[in-house]
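Participant: I'd like to ask you about the structure that follows.
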Amino acid sequence: MKLKVHHNVWKIILFIGIVLLIIFRFDHFTAIVKKIGTAATPILIGLALAFILNIIMVKYEKLYFPKSTRNRVVKSRRPICLTLAILSVLLVFYFIGSMVIPQFIKSVQVLVASLPELAQKAWNFAIERGLDPTQVGINPDMWNQPSSELVQKAMEFGRNFMGGFLNVITSVFGVVTNILMGFAFAIFLLGGKEKILHSIGRVLKAYLPKEKVITLYRNAAVFNQTFKDFFGGQFIEAIIIGVIATSGMLLLRLPYATMIGSVVGLTNIIPIIGPFIGGAIGVLLILLENPIQALVFAAFVLVLQQIEGNILYPRVVGSSIGLAGIWVFAAIILGTGLFGLVGALLAVPITASLYKILKYDVEKKEEALREKIKKDYDPEIVIVEHE
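With the first letter of the sequence shown counted as 1, position 355 gets the number 669 in this note's numbering; the numbers rise by one all the way through.
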């Protein structure tokens, strides 16, 4: 007993020491975490891709001669179903890109064509309020100058910001490299996931007590199921919202219907703040073409959010989360503040998983307490024990 108490005291001291080290060396701690996060980015991307592809792959495996025990079918099931899952994801991205990219190019062309008019409006706005537009670089004639002068200014602008462009190119190259490495990692994971899970299980059983292993398996199952239910529901809802947004914009004769509808659907994957992001992008794009239509679209988005919040979300996603609205909102605020867009996307399923685990543990302790009280105060149990 003394050894156990002594061991627990050392664990508490070690925990307090780690907390104090983090508090007083927080800048070093965050720097180390950022370095580890940067180095592990391809692995994290691979895990995310593997999670998404696994959901689709398992569906295909259930359709690919599931009852067949022939050696050829069994050996070909995984590579064929994994290939189909990858093609399905690529097809979705191609479908979305084919709708979004052409209209995005068109919106950029409209913006470039409207620059002289916008510059003139800015000039008039400044003059009407007694301001000197030239002090802030507003010149309504700059876009009407000969093309040679515009080219010269463009070249000067390019030279001044060449360093920035190189940084952008480097960043894009880094992102593409991380995605490709993550994609390769995901394929390796899914190709031998049973062996990997078996190896992890052996290590856990070798170094941890049986009860701890069972608890880890149960908690991992909770995280896995919650993430699958959450993202499955979010994707279904995103498709529904995207279709409704596109159809409504077409009926209202609003510009860029397919592009903005797709953007609204995609951003809707992020709870609460996603619809506002998609709506803001749509309003800005339509505002460049027609301010009145931008107001119509803003009103349409508000109605759409009411439909999504009161009808779709509770039925499609709500039951899979099991969180009250206040906790969802708090999780998104913390997740966004700590990890940006990725944090906003993952905050809800992580919080929901932790909530379910905590709820199970609390209910288990309450049940044990009830049994103890029943045993201590039940006369029949006391009599039987004395006999």
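Cβ atoms here follow ideal geometry from the backbone N, Cα and C, with glycine treated the same way.
1) Assign residue 604 to one of three DSSP states: helix, strand, or coil.
2) Quick check on residue 570: buried or exposed, where buried means 16 or more other Cβ atoms within 10 Å of its Cβ?
3) Given a cut-off of 8 angstroms, decide if residue 496 and residue 760 are closer than it, judged by their beta-carbon atoms.
4) From which residue to which residue does the alpha helix (DSSP H) around residue 638 run?
5) Rounded to the nearest angstrom, what separates residue 484 and residue 609 at their Cα positions?
6) Is it true that the region 562–581 meets the region 541–548, where meeting means three or more beta-carbon pairs spaced less than 8 angstroms apart?
7) What is the DSSP secondary structure of residue 376, reduced to helix, strand or coil?
8) Pull up the distance between the alpha-carbon of residue 493 and that of residue 538, whole angstroms please.
9) Can you tell me where the alpha helix (DSSP H) with residue 555 in it begins and where it stops?
10) Please look up how many angstroms separate the CB atoms of residue 587 and residue 646, rounded, as I've assumed it's under 8 angstroms.
11) What residue range is occupied by the uninterrupted alpha helix (DSSP H) comprising residue 584?
12) Compare the Cα-Cα distances from residue 508 to each of 372, 582 and 660 and report the closest residue.
13) Note down the Cα distance separating residue 626 from residue 551, rounded to an integer number of angstroms.
14) Taking the alpha-carbon of residue 653 as reference, which of 351, 595 and 342 has the nearest alpha-carbon?
15) Taking buried to mean at least 16 other C-beta atoms within 10 Å of its own C-beta, is residue 711 buried or exposed?
16) I need the straight-line Cα distance from residue 405 to residue 619, nearest angstrom please.
17) Sort 532, 574 and 499 by Cα distance to residue 416 and report the nearest one.
18) Can residue 582 and residue 596 be called in contact, C-beta distance under 8 angstroms?
19) Judging by CA-CA distance, which residue of 381, 682, 662 and 599 is the nearest neighbour of residue 414?
20) What's the gap between the Cα of residue 658 and the Cα of residue 396?
Facilitator: Working from what's here:
1) Looking at residue 604 - three-state DSSP - the assignment turns out to be coil, as it is neither helix nor strand.
2) buried
3) The shown model of the chain, from 315 to 701, leaves out residue 760, and the question about it has no answer.
4) Run containing residue 638: none; DSSP gives neither H nor E here.
5) 39 angstroms
6) no
7) helix
8) 23 angstroms
9) Start and end: 524–565.
10) 6 angstroms
11) Run containing residue 584: none; DSSP gives neither H nor E here.
12) For the residues 372, 582 and 660, the minimum Cα distance to residue 508 belongs to 372.
13) 7 angstroms
14) 351
15) Since the displayed the chain opens at 315 and closes at 701, residue 711 lies outside it and no answer follows.
16) 28 angstroms
17) 574
18) Judged by beta-carbon spacing, residue 596 lies beyond the 8 angstroms limit of residue 582, meaning their Cβ atoms are not closer than that value.
19) 599
20) Taking C-alpha positions only, residue 658 is separated from residue 396 by approximately 29 angstroms.
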